[in-house]
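> Sharing a structure below in structure tokens format, with a few things to ask.
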Amino acid sequence: MISTKKLIQMARKWRKMATIGRKRISFHRTNSKSASTNVNRSSVAQKGHFVVYTTDERRFMISLSFLSNDIVRELFRVSEEEFGIPCDERIND
2 MISTKKLIQM ARKWRKMATI GRKRISFHRT NSKSASTNVN RSSVAQKGHF VVYTTDERRF
62 MISLSFLSND IVRELFRVSE EEFGIPCDER IND
């Protein structure tokens, strides 16, 4: 099993490598009228989960139980440092 310290070092290395690419998080919007009136089930997280989007436009659904994990919290702190997105504020109401 990988130690916490080693995992954090790997995350920081990946963060540095990611800075070579673009730093903007973008979300695709559709202009279709039907897409805006119908709720897309894939855009809503399942009960007990939350969604994380990456800079390469990938979407990950993560269980809320992982928020108590020190490694996951450190990864969110690292992403906050890199991208300036606060982890302790609500994104939407």
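Numbering (the numbering used here), first residue to last: 2 to 94. Backbone N, C-alpha and C define an ideal beta-carbon position, used for all residues, glycine too. Because the structure is a prediction, the values reported are computed rather than measured.
#1: Between the C-alpha atoms of residue 46 and residue 54, what's the straight-line distance to the nearest angstrom?
#2: Could you give the distance in angstroms between the alpha-carbon of residue 76 and the alpha-carbon of residue 9?
#3: Measure from the alpha carbon of residue 15 to the alpha carbon of each residue in 85, 69, 56 and 61, then state which is nearest.
#4: Just the C-alpha distance for residue 83 and residue 52, rounded to the nearest angstrom, thanks.
#5: Pick from 72, 66 and 78: whose alpha carbon is nearest that of residue 49?
This is what the structure gives:
#1: 12 angstroms
#2: 7 angstroms
#3: 56
#4: 19 angstroms
#5: Taking residue 49 as reference, the option from 72, 66 and 78 with the minimal CA-CA separation is 66.
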